[in-house]
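Enquirer: Below: one structure in structure tokens.
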Amino acid sequence: MPELPEVETTCRGISPHLIGQTITAVRIFHPRLRWPIPDEVHTLVGRTIRSITRRAKYLLMDCETGHLIVHLGMSGSLRIVAPDAPRGKHDHVEIQVGAQVLRLRDPRRFGAVLWTEQPPHTHPLLAHLGVEPLDAAFDGASLYAQTRKVNTPIKLFVMDAKRVVGVGNIYASESLFLAGIDPRTRAGKLSAARCERLAKAIKSVLRAAISAGGSSLRDFVGSDGASGYFQLNYRAYDRAGAPCRTCGQLIRRIVMGQRSTFFCSKCQTR
DNA sequence: CTTTAAACCTGGTCGC
DNA sequence: TGCGACCAGGTTTAAA
Numbered sequence: 396m397p398e399l400p401e402v403e404t405t406c407r408g409i410s411p412h413l414i415g416q417t418i419t420a421v422r423i424f425h426p427r428l429r430w431p432i433p434d435e436v437h438t439l440v441g442r443t444i445r446s447i448t449r450r451a452k453y454l455l456m457d458c459e460t461g462h463l464i465v466h467l468g469m470s471g472s473l474r475i476v477a478p479d480a481p482r483g484k485h486d487h488v489e490i491q492v493g494a495q496v497l498r499l500r501d502p503r504r505f506g507a508v509l510w511t512e513q514p515p516h517t518h519p520l521l522a523h524l525g526v527e528p529l530d531a532a533f534d535g536a537s538l539y540a541q542t543r544k545v546n547t548p549i550k551l552f553v554m555d556a557k558r559v560v561g562v563g564n565i566y567a568s569e570s571l572f573l574a575g576i577d578p579r580t581r582a583g584k585l586s587a588a589r590c591e592r593l594a595k596a597i598k599s600v601l602r603a604a605i606s607a608g609g610s611s612l613r614d615f616v617g618s619d620g621a622s623g624y625f626q627l628n629y630r631a632y633d634r635a636g637a638p639c640r641t642c643g644q645l646i647r648r649i650v651m652g653q654r655s656t657f658f659c660s661k662c663q664t665r
């Protein structure tokens with residue numbers, strides 16, 4: 396369940412241990428994640444990690460001769476461990492940098508490890524991504540402009556990575572609750588004022604989760620191996636049948652785009 | 001073009 | 001205790 400905050404937290408967590416370090420070994424224990432892990436990752440040995448950045452939910456590692464692209468899928472996590480740390484059955488890849496190892500664990504194997512020698516943002520998976528929600532370029536005005544004449548329900552709109560990246564199922568429900576907007580509202584029907592509220596809500600929800608250290612992964616473990624688990628106090632998500640924390644109305648669960656959607660029919664309007 | 005749904009995978013939970 | 005059914009999550013791909 397890593398959403399943007401978890402990926403950002405992971406990026407910040409592993410960076411200090413890896414930047415400027417030289418890769419001494421790459422080991423693949425399970426070569427098939429969402430896609431097969433390309434053989435070229437073995438050419439990483441001897442390369443130095445220049446930087447680690449995030450784009451949407453992708454982690455990008457600049458390794459001099461190319462870029463490692465890592466996606467955590469729905470159950471992936473990265474940690475720094477000692478080389479002799481016992482390996483679990485879902486630890487699929489490890490990259491050794493001297494006395495430390497970066498290990499990818501991903502029980503459901505929806506994640507990905509890819510390699511490109513081109514600028515990573517031109518990679519087919521990244522080339523058509525929308526705006527970063529925490530960028531200044533994403534605000535009420537841009538959201539208003541973007542949603543004009545769009546019939547898609549607003550919840551599906553904000554979850555569409557071609558429009559805005561990083562807003563997954565959990566934070567979509569949370570943001571719409573905070574903004575007081577019914578998730579079924581047609582995007583194009585939102586007023587400028589409501590777009591403003593929504594953009595602010597998305598930023599605020601994501602920022603809160605980042606500062607909490609990542610929240611949406613039930614078994615989230617900090618990249619240092621400590622129990623970084625933190626459950627946000629959700630206002631709507633996963634609260635079907637429970638009273639709204641604002642008005643007491645029972646939170647409803649509906650399905651939109653095959654995903655559970657939670658909202659308060661009293662606080663959130665069309 | 002847009003919209004919808006299936007697929008990928010595993011572990012946890014529920015009802016019987 | 002076992003077993004089947006179903007759900008969660010993000011994203012791509014195929015189909016309508």
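One point on numbering: in the working numbering, the residue at position 246 of the first sequence is 641, and numbering is uninterrupted. Just so you know, even glycine gets a beta-carbon here, dropped at the ideal spot from N, CA and C.
Could you work out which residue in Asn564, Thr547, Leu601 is closest to Thr580 when comparing CA atoms only?
Expert: As a working mapping, residue 580 is identified with position 185 in the first sequence. Checking every option, the nearest Cα to that of Thr580 belongs to Thr547.
Enquirer: Please list, in chain order, all residues of the same chain as Val496 whose beta carbon is under 8 Å from its beta carbon, the five residues on each side excluded.
Expert: The count along the first sequence starts at 1 and reaches residue 496 at position 101. The answer, listed in chain order, is Ile475, Val476, Ala477, Pro478, Ala480, Glu489, Ile490.
Enquirer: Using the C-alpha atoms, what's the distance from Leu520 back to Phe658?
Expert: Within the first sequence, residue 658 is the residue found at index 263, counting from 1. Within the first sequence, residue 520 is the residue found at index 125, counting from 1. Their backbone Cα atoms lie some 31 Å apart in a straight line.
Enquirer: Could you say which of Thr542, Ala522, Asp486, Ile464 lies nearest to Val508 if we only look at CA atoms?
Expert: As a first step, residue 508 is located in the first sequence; it is residue number 113 there, counting from the start. Selected option, being the one with the closest Cα: Ile464.
Enquirer: Can you give the beta carbon distance from Leu467 to Cys406, rounded, assuming they're within the 8 Å contact cut?
Expert: As a working note, residue 467 is residue 72 in the first sequence. As a working note, residue 406 is residue 11 in the first sequence. Not quite, the Cβ-Cβ distance comes to about 11 Å (not below 8 Å), so this is no contact.
Enquirer: Val440 and Ala420 - do their beta-carbons sit closer together than 8 Å?
Expert: As a working mapping, residue 420 is identified with position 25 in the first sequence. As a working mapping, residue 440 is identified with position 45 in the first sequence. It is a contact, given that the beta carbons lie within the stated cut-off.
Enquirer: Would the beta-carbon of Ile565 fall within 8 Å of that of Glu398?
Expert: Looking up residue 565 in the first sequence gives position 170. Looking up residue 398 in the first sequence gives position 3. Yes, the pair counts as a contact, with Cβ atoms nearer than the cut-off.
Enquirer: According to DSSP, is Tyr669 part of a helix, a strand, or is it coil?
Expert: This structure cannot speak to residue 669, because the chain is shown only from 396 to 665.
Enquirer: CB-CB under 7 Å to Leu413, same chain, minus the five flanking residues each way: which ones, in chain order?
Expert: Numbered from 1 along the first sequence, position 18 holds the residue referred to as residue 413. Here the set comprises Ile444, Ile447, Val492, Leu497.
Enquirer: Look up Arg427 in the DSSP assignment and say whether it is helix, strand or coil.
Expert: The residue given as residue 427 occupies position 32 in the first sequence. Here Arg427 sits in strand by DSSP.
Enquirer: I need the DSSP call for Glu489, collapsed to helix, strand or coil.
Expert: Reading the first sequence from its first residue, position 94 is the one you call residue 489. In this structure, Glu489 counts as strand in the three-state DSSP scheme.
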